[in-house]
Amino acid sequence: MASSSRRSWTLSTLPPEIIQEIFYKTPAEALVRSKPTCKEWYALITNQSFTNQHFQRSQEHFIRIFDTVQIMDPVTRTTSVSPIPNALLQHPFKIDSLVYTQIVQCDGFMLVECNMWKYRDGGLRYTNLALWNPVLRNLRWIEPTRSITSSDYYGIGYKDKGSDGYKILRFSSRPWEIERYEDKPKVEIYECKTSSWRTLVDVKLDMDVNIMSNCVAVMGNMYWIAYRDEEEEDFIRCFDFSDETFKDICLCPPLYGDNSHLGCFNGDSLSLLQQDEVSKKIEVWVSSKLSDGDVSFSKFFSLSGSDLPALRVRDDEHYRSNPVYCFVKPKSVIVWCVGVEGEGDKICSYCTLYEIDENGVKSTKETERDNVRDYSRGFVCGYVYVPSLIPLPWVRD
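Position in the sequence shown (from 1) plus 1441 gives the number in our numbering.
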């Protein structure tokens, strides 16, 4: 106890600018725990300028929901663990894993969509969309304006965070294929600033465009892999929040079916990690900067060899496990993926962290192993996440 007091007293005597620099280099999860320590620290940690600067200096992490919320630093391989928010556990479909969810992150906010639903007594479906900051443990459900369908797509972004605030996109890809769907296709925007939805009456959906669920938010806009009916080429489709329109950005490199995974590179570009499931060949592609007028992909590196690990596993029916990955060193990628062993009530899932570069697999580490009660839960890994001290748009301290 004396040692702790002495250490706290020593830090408090440092000049404020030195304390601020120390806090910039301190993980967000640790700063949240230090909030109650003293009024001066609390004021600094909740200051808008500090939280924005801290986020800009934060590195990509991995997040996984599996009975708890786990946030892992892929470089140090340290993990912080916290309870799953009660708001997720109390949902009609208890969300204690990522099995039935789609998540996309923007500035440390996780837009969570549950792909299943139940009806209330009045005939309306329960809300299945929420915005969540896992570090601050803020979560808010967002009520839809119309019926929820399994063809709904969502995104999050902004035109100007300072004046306009964050916005959530909703549209349907194939509405006529959905049972009981009667509404005409619409594109809607939810304004976090006003907590209200509005319809983009001048934005028309291209019904010949098929959009894959794999998506990423980069620099305030949303990106998906897409293709058109009766055309063989895949391309990147964007929703630009600055002018609220869909745009085709560039062609994709030749893809390995649905084993191609879209991500972010250097905060201003796109990336693709893909693997041929037969030959095990791994390819990593990165795009030019999205702010450039003419965007294109170039190969970052590729690996061949039958001894390469399978970055995604699947069963013969419904489930597959998509890897998550991030870039931490030049010509190097860290991939986190899940494997499954056993059958029946003896199913075991295990997560493995690989560091891969152009010369091969540099390191392998099993990060966890769990006995699972539900077969589908074994096919869950996680998402890329940047820890953030920025509160949800509605939250005011």
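We put the beta carbon where it would ideally sit given N, CA and C, even for glycine. In this text the structure is predicted, and so the values were computed from the model without any measurement.
Per DSSP, which one or two residues make a beta bridge with residue i?
{"i": "leucine 1703", "result": "Leu1713"}
{"i": "glutamine 1543", "result": "Glu1554"}
{"i": "valine 1657", "result": "Tyr1664"}
{"i": "tyrosine 1791", "result": "Gly1780 and Arg1810"}
{"i": "glutamate 1501", "result": "According to DSSP, which records beta bridges pairwise, glutamate 1501 is partnered with nothing at all."}
{"i": "phenylalanine 1581", "result": "As written in the sequence, residue 1581 is arginine, which differs from the phenylalanine given in the question. Answer is Leu1572."}
{"i": "isoleucine 1383", "result": "Outside the displayed span of the chain (1442 to 1838) sits residue 1383, for which this structure offers no information."}
{"i": "tryptophan 1638", "result": "Tyr1631"}
{"i": "threonine 1520", "result": "Met1513"}
{"i": "glutamate 1718", "result": "Partner(s): none; glutamate 1718 has no beta bridge."}
{"i": "tyrosine 1826", "result": "His1502"}
{"i": "arginine 1678", "result": "Trp1665 and Asp1689"}
{"i": "serine 1490", "result": "Looking at the DSSP assignment, serine 1490 forms no beta bridge with any residue, so it has no partner."}
{"i": "glycine 1801", "result": "Asp1798"}
Check this for me: beta carbons of residue i and residue j, under 8 Å apart or not?
{"i": "aspartate 1675", "j": "phenylalanine 1742", "result": "no"}
{"i": "valine 1394", "j": "glutamate 1501", "result": "Nothing in the structure corresponds to residue 1394, since the chain is present only between 1442 and 1838."}
{"i": "leucine 1714", "j": "valine 1628", "result": "no"}
{"i": "lysine 1806", "j": "arginine 1518", "result": "yes"}
{"i": "leucine 1646", "j": "isoleucine 1677", "result": "no"}
{"i": "leucine 1749", "j": "valine 1776", "result": "no"}
{"i": "isoleucine 1652", "j": "tyrosine 1594", "result": "yes"}
{"i": "asparagine 1763", "j": "histidine 1702", "result": "yes"}
{"i": "valine 1725", "j": "valine 1765", "result": "no"}
{"i": "valine 1719", "j": "serine 1728", "result": "no"}
{"i": "leucine 1530", "j": "leucine 1580", "result": "no"}
{"i": "aspartate 1699", "j": "arginine 1669", "result": "no"}
{"i": "valine 1545", "j": "cysteine 1705", "result": "no"}
Roughly how many whole angstroms lie between the Cα atoms of residue i and residue j?
{"i": "serine 1829", "j": "phenylalanine 1550", "result": "8 Å"}
{"i": "isoleucine 1740", "j": "threonine 1586", "result": "Note that residue 1740 is lysine in the sequence shown, not isoleucine. Their Cα atoms are separated by approximately 43 Å."}
{"i": "phenylalanine 1768", "j": "lysine 1600", "result": "26 Å"}
{"i": "phenylalanine 1738", "j": "glycine 1708", "result": "15 Å"}
{"i": "glutamate 1458", "j": "tyrosine 1465", "result": "11 Å"}
{"i": "leucine 1641", "j": "cysteine 1479", "result": "47 Å"}
{"i": "serine 1521", "j": "cysteine 1693", "result": "36 Å"}
{"i": "glutamine 1511", "j": "glutamate 1671", "result": "42 Å"}
{"i": "glycine 1783", "j": "aspartate 1733", "result": "49 Å"}
{"i": "aspartate 1811", "j": "methionine 1513", "result": "17 Å"}
{"i": "tryptophan 1573", "j": "alanine 1667", "result": "27 Å"}
{"i": "aspartate 1684", "j": "threonine 1808", "result": "43 Å"}
{"i": "glutamate 1673", "j": "tryptophan 1482", "result": "56 Å"}
{"i": "arginine 1639", "j": "phenylalanine 1612", "result": "12 Å"}
{"i": "aspartate 1786", "j": "phenylalanine 1687", "result": "46 Å"}
{"i": "leucine 1794", "j": "proline 1515", "result": "8 Å"}
{"i": "serine 1747", "j": "tyrosine 1631", "result": "47 Å"}
{"i": "cysteine 1691", "j": "valine 1644", "result": "20 Å"}
{"i": "asparagine 1493", "j": "lysine 1602", "result": "11 Å"}
{"i": "proline 1771", "j": "lysine 1730", "result": "17 Å"}
{"i": "threonine 1467", "j": "serine 1592", "result": "41 Å"}
For residue i, I'd like the list of residues in its chain whose CB is within less than 6 Å of its CB, leaving aside the five on either flank, ordered along the chain.
{"i": "phenylalanine 1491", "result": "Leu1485"}
{"i": "aspartate 1834", "result": "It is worth fixing the name first, because residue 1834 is proline in this sequence and not aspartate. So the list reads Gly1606, Tyr1607 and Cys1633, once near-sequence residues are dropped."}
{"i": "lysine 1803", "result": "Glu1796"}
{"i": "aspartate 1717", "result": "Tyr1697"}
{"i": "lysine 1722", "result": "Ser1745"}
{"i": "glycine 1823", "result": "Phe1503, Ile1504, Arg1505 and Val1765"}
Closer than 8 Å by C-beta to residue i: which residues in its own chain qualify, once you throw out the five before and the five after it? Chain order, please.
{"i": "arginine 1578", "result": "Ser1523 and Pro1526"}
{"i": "glycine 1598", "result": "Cys1547, Tyr1607, Lys1608, Leu1610, Ala1658, Gly1661, Asn1662, Met1663, Phe1680 and Phe1682"}
{"i": "leucine 1472", "result": "Phe1464, Ile1486, His1495 and Leu1830"}
{"i": "asparagine 1488", "result": "none"}
Beta-carbon within less than 7 Å of residue i's beta-carbon, same chain only, minus the 5 sequence neighbours each way: which residues are those?
{"i": "leucine 1696", "result": "Asp1675 and Gln1715"}
{"i": "glutamine 1497", "result": "none"}
Sequence ranges, beta strand (DSSP E) only - wholly within the region 1728-1778, length at least 3: Runs of the beta strand (DSSP E) inside the region 1728-1778: 1738-1744 and 1765-1770.
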